[in-house]
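Single-structure report; data block below.
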Amino acid sequence: MKKNSIKMCWAGLCLAFLAPFTALNAQPAGRGAAAPVTNVPAPTSPVTGNAANGKALFYTYGCYACHGYNGETGARPFVGRWGNLSTEQVFIRFLRGRANVTPVVPSASMPNFGEASLPDKQAKDIYAYIRTFKSTAPDLKDIPTLNAIVESAKQGQK
Amino acid sequence: MAKSKKTSVGRRGFLKNAAAGAAAGAAALVTTTPLLEAQTRGAGRGATPAGSVPAPTEKQLDREAGNIRPPVAARTITRPGSDLMVQTVRDLGIEFAAANPGSSFEGLQESFINYGNPPNVMPEWITALHEESAVTMAHGYAKAEGKPMLALLHGTIGIQHAAMSIYQAYYDRVPVLMIAGNDPDFIPAHTAHDMASMVRSYTKWDAEPKTLDEALVAIQRAYNEAITPPMAPTLVVISSEIQKVDSPNTKIPAYQAPRFPTIDATSAKQIAKGLVEAQNPRIAVGRLRTPEGVKRAVELAELVGACTSTTATVGPMSFPQRHPLCGPGADKSYDYTLGLEAGGAQVSITGPGLATIAAPRDTTNIGFAGILTPGRAFQGPPEKSARPMEADAEASLPLIIEEVKRQLTADQKARIQERAARHATANHDAHVAGIEQAVQRAKAGWNGVPISTARIYAELWPLIMHEDWCLASPSNFSGGHNVQLWDHNKPYSYLGGQGAGGMGYGAPASVGAALSAKAHNRFVVNVQTDGDLNYAPGVLWTAAHHKLPMLTVMHNNRAWHQEYMFVEYMAGVRGRGADRAEIGSVLRDPFIDYAKMAATYGMAGEGPITDPSKLQAALKRGVASVKRGEPYMIDVITQPR
Chain A
60 MKKNSIKMCW
70 AGLCLAFLAP
80 FTALNAQPAG
90 RGAAAPVTNV
100 PAPTSPVTGN
110 AANGKALFYT
120 YGCYACHGYN
130 GETGARPFVG
140 RWGNLSTEQV
150 FIRFLRGRAN
160 VTPVVPSASM
170 PNFGEASLPD
180 KQAKDIYAYI
190 RTFKSTAPDL
200 KDIPTLNAIV
210 ESAKQGQK
Chain B
2 MAKSKKTSVG
12 RRGFLKNAAA
22 GAAAGAAALV
32 TTTPLLEAQT
42 RGAGRGATPA
52 GSVPAPTEKQ
62 LDREAGNIRP
72 PVAARTITRP
82 GSDLMVQTVR
92 DLGIEFAAAN
102 PGSSFEGLQE
112 SFINYGNPPN
122 VMPEWITALH
132 EESAVTMAHG
142 YAKAEGKPML
152 ALLHGTIGIQ
162 HAAMSIYQAY
172 YDRVPVLMIA
182 GNDPDFIPAH
192 TAHDMASMVR
202 SYTKWDAEPK
212 TLDEALVAIQ
222 RAYNEAITPP
232 MAPTLVVISS
242 EIQKVDSPNT
252 KIPAYQAPRF
262 PTIDATSAKQ
272 IAKGLVEAQN
282 PRIAVGRLRT
292 PEGVKRAVEL
302 AELVGACTST
312 TATVGPMSFP
322 QRHPLCGPGA
332 DKSYDYTLGL
342 EAGGAQVSIT
352 GPGLATIAAP
362 RDTTNIGFAG
372 ILTPGRAFQG
382 PPEKSARPME
392 ADAEASLPLI
402 IEEVKRQLTA
412 DQKARIQERA
422 ARHATANHDA
432 HVAGIEQAVQ
442 RAKAGWNGVP
452 ISTARIYAEL
462 WPLIMHEDWC
472 LASPSNFSGG
482 HNVQLWDHNK
492 PYSYLGGQGA
502 GGMGYGAPAS
512 VGAALSAKAH
522 NRFVVNVQTD
532 GDLNYAPGVL
542 WTAAHHKLPM
552 LTVMHNNRAW
562 HQEYMFVEYM
572 AGVRGRGADR
582 AEIGSVLRDP
592 FIDYAKMAAT
602 YGMAGEGPIT
612 DPSKLQAALK
622 RGVASVKRGE
632 PYMIDVITQP
642 R
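Residue numbers (the numbering used here), protein chains in the order written: chain A, 60 to 217; chain B, 2 to 642.
Have a look at this one:
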């Protein structure tokens, strides 16, 4: 049987999206529990890439694996946080600067994307696509399920 | 048992003749009757239209239900050894025996299904489609119930099929009782001189008895070894001859319950003094052995008004998460901390770990990391706590409770009540604040497509919160949203991880938990990752066949996403780009249709659900189905995490 190699998941190396260390059998305290809930407005810096191309690249390069298909979920959501996505230049610098050349253990940190594997033009296309992302979350008051959960907690044991 | 030459020769002769007869019959069948036609005829005895199966007669139904006994033939072994084995297992309180059938335990299987009145009850025979499933069912059952069930394995091949599951249960310190059949006279490849040696490095105890008397003792000992800390799987290899030996005069030996190591009276007195005299004591509660241990931990915390920590969101058998005393409390300056199967600043009571048994069992020097040697990169910071007292916390609790009761004065009781009330208010406020944060996080991507994993847990919770539920599947790959959103207040609320991180665990462990749940009218939730299910999906049939109360909600991200992320990172390290990282890590081209898979195995279900607005209605249908006694699967196309 295949041995599951998911022994741990380091996230501390990712400058933009900090997440807790998760060891074998350890239970994360709810996704993003260590990260505060934020609602940073989307950047307004210029976008020069092609979002349609970027959409295909977002899938081809597996960005969704960690950031979700909408940038809102997964191990490293960025909608509402934005971090290293403030400008094209910051984003590209971030992609190029992730070179840990001797990882001892498997890592799910942000991979390095060098110029040879992801040219600037493609990076800009991805950036353009990312910038189209908006929160799909309604206001909390409009989600009865979540309100019911809060109410239930309030009425719980004291 | 010494083999009878006469029996052996006689049996070989019988087999030879039987094989010759079967070959002749098979040849005749092949040449004269197409297989399908033969099957149809065989089912209907020629009396029903082709393709249909006649309804069973009333007599047949009564026979299957065990309401009438089988006919007694003149040539009947009056008391086969396997009947006594079944009685021994029954006397131990074993409720279920899971197995994929095998000739090496045909005698035992026949006894399990026919012996006793009524037969096939305590234990009930559970049909598994793979030995790996059988053992993982036992793994999940033990975590939910706090005691072992039985898994039967067929010779060398059954043990090897089960090996991964045995390893997981061992790493998880879960008791599983296993019997392997051994038929040295039948198929040579299915037998070996020392079959148990194949899994000796990750079982706690094994035996290969030579006589029926030894076998009965071995079953009892295997049970005791499994349930005493460190709890772990145990294996008894029993030859087919012992199973079949006529034993009219053999008596089952009196069972001696095991003794659990406890702290001594002096230590109990000192711990009680520490708790009673502290201004602000705390009890850290880890994973206890059984629900009884959880009850005792609650009793102690309430007696001394100590706030507690829990591992109930990590695994079973810990302090109720939403108990008024569970949480940091009103004041985090604790002046006395007791650890129960957990670290404690002043005292920690921790049962012996696997390392205490592993070395002598590891005769091949495998040296499993994390048991015999520290895992290289997986070490957390050393806990700042006292050296643990090696004893079973659960068995030690009554001693501490008695001492506390003896030492408490009326003044102290009043002070404790006041402190407990302060803790309760603070913990409640912290809980509400935590939930408010959690729902803010859960709403991220609420209307996104594919469906967010948080929405699955959030939508499901109001539908089950008033049920007696058990989340049997690990939630670490699907965001762990239950941790904050759900209330883990029962010893079995959440059964935790796989044990050794091996895949193929969620569904069979949930089926095992559902065996426990059915008897208690509980409701099992299995949030099932897709990669995990595909190891041995036949377990869905077991759930359908035995009508187990299990709701499976697929976390179908169509990949082994953690592995995908690892490969992406590695491609980045090597500068080769991540655009080919999907190769070998995703489940596409074609997609797997899990609702159809469920239907194939006879389980009701629906999906794939892609529209988040349709999720709640589907979950409601699933909950309703399970409450009617029919397991249900909902295939949900999800975000990766």
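Even for Gly, the Cβ is constructed at its ideal location relative to N, Cα and C.
No experiment lies behind these values; they were computed from the predicted model shown.
Do residue i and residue j have their C-beta atoms closer together than 8 Å?
i	j	result
L289 of chain B	E342 of chain B	yes
P463 of chain B	I202 of chain A	no
R483 of chain B	C308 of chain B	Inspection of the sequence shows that residue 483 of chain B is occupied by Asn rather than by Arg. No.
T191 of chain A	A134 of chain A	no
N281 of chain B	S334 of chain B	yes
P353 of chain B	P230 of chain B	yes
G507 of chain B	L534 of chain B	yes
Q221 of chain B	L109 of chain B	no
S134 of chain B	G539 of chain B	yes
E569 of chain B	A124 of chain A	yes
D393 of chain B	P262 of chain B	yes
T314 of chain B	Y495 of chain B	yes
V99 of chain A	E147 of chain A	no
Determine the extent of the alpha helix (DSSP H) in which residue i is found, giving its start and end residues.
i	result
D636 of chain B	D636 of chain B -> not in any alpha helix (DSSP H); beta strand (DSSP E) instead, spanning 633-638.
S310 of chain B	Premise fails: S310 of chain B lies in the beta strand (DSSP E), 308-310, not in any alpha helix (DSSP H).
Y186 of chain A	179-189
H140 of chain B	132-146
K270 of chain B	266-278
Which residues does DSSP list as the beta-bridge partners of residue i?
i	result
T338 of chain B	B:R283
D1 of chain B	Beyond the ends of chain B as shown, which are 2 and 642, falls residue 1 of chain B; an answer cannot be given.
S349 of chain B	B:G340
A99 of chain B	B:I127, B:A152
N250 of chain B	Partner(s): none; N250 of chain B has no beta bridge.
V587 of chain B	B:A560
Considering just the uninterrupted stretch of the beta strand (DSSP E) at residue i, what are its terminal residues?
i	result
P234 of chain B	234-240
A208 of chain B	206-208
L534 of chain B	From DSSP, L534 of chain B is part of no beta strand (DSSP E) but of the alpha helix (DSSP H) over 531-534.
G182 of chain B	177-183
N557 of chain B	551-557
C125 of chain A	No beta strand (DSSP E) contains C125 of chain A, which is instead part of the alpha helix (DSSP H) from 123-126.
L472 of chain B	470-472
Who are the near neighbours of residue i in its chain, counting only those whose CB is closer than 8 Å to its CB and skipping five residues on each side?
i	result
Q640 of chain B	G446, G449, P451, I452, S453, T454, N558
D92 of chain B	I253, Y256
Q214 of chain A	none
P613 of chain B	W447, N448, G449, V450, I452, S453, R456
K6 of chain B	Any reading at K6 of chain B must be qualified, since the residue scores a pLDDT of 37, below 50, and its modelled position is unreliable; the value itself is stated next. Excluding sequence neighbours, K6 of chain B sits near nothing in its chain.
G578 of chain B	A572
S202 of chain B	A359, R362, D363, T364, T365, I367, F369
So residue i contacts chain D; which residues on that side make the cut at Cβ distance below 7 Å?
i	result
I436 of chain B	Here the protein chains are A and B, and chain D is not one of them.
Report all residues from its chain with a CB closer than 6 Å to the CB of residue i; omit the five preceding and five following residues, and keep chain order.
i	result
S479 of chain B	T454, V528, H556
Y224 of chain B	L93, L178
M199 of chain B	I160
M466 of chain B	none
L516 of chain B	F97, Y142
S211 of chain A	none
P210 of chain B	A216, A219
Near residue i, which residues of its chain fall below 7 Å by C-beta distance, leaving aside the five closest residues on each side in sequence?
i	result
R589 of chain B	R559
A545 of chain B	Y602, G603, M604, P632
L205 of chain A	L199
W561 of chain B	G532, S586
- Task: Using a Cβ-Cβ cut-off of less than 8 Å, list which residues of the region 123-146 of chain A approach chain B; keep chain order.
- Result: Y123, A124, C125, G127, Y128, N129, E131, T132, G133, A134, P136, V138, G139
- Message: Any C-beta of chain A within less than 7 Å: which residues of the region 418-444 of chain B qualify?
- Response: A425, T426, H429, H432, V433, I436, E437, Q438, A439, V440, Q441, R442, A443, K444
- Task: Would you list, in chain order, the members of the region 107-122 of chain A that have their beta-carbon closer than 9 Å to a beta-carbon of chain B?
- Result: L116, T119, Y120, G121, C122
- Note down, in chain order, all residues in the region 152-172 of chain A with a beta-carbon under 7 Å from any beta-carbon belonging to chain B. R157, N159, V160, P162, V163, V164, P165, S166, A167, S168, P170, N171, F172
- Message: If the cut-off is 8 Å on Cβ atoms, which residues from the region 446-466 of chain B count as contacting chain A, listed in chain order?
- Response: G446, W447, N448, G449, V450, P451, S453, T454, A455, A459, E460, W462, P463, M466
- Taking only beta carbons into account, state which residues of the region 184-198 of chain A come closer than 9 Å to chain B, listed in chain order. S194, T195, A196, P197, D198
- Query: What are the residues of the region 575-597 of chain B that lie near chain A, defined by any Cβ-Cβ distance shorter than 8 Å?
  - Reply: G576, R577, G578, A579, D580, A582, E583
- Task: For the region 314-333 of chain B, enumerate the residues whose C-beta is nearer than 8 Å to any C-beta of chain A, in chain order.
- Result: T314, V315, G316, R323, H324, P325
- Give the residues from the region 517-550 of chain B that approach chain A closer than 8 Å (Cβ to any Cβ), ordered along the chain. Y536
- Query: Taking a cut of 7 Å between CB atoms, which residues from the region 167-183 of chain B lie near chain A?
  - Reply: none
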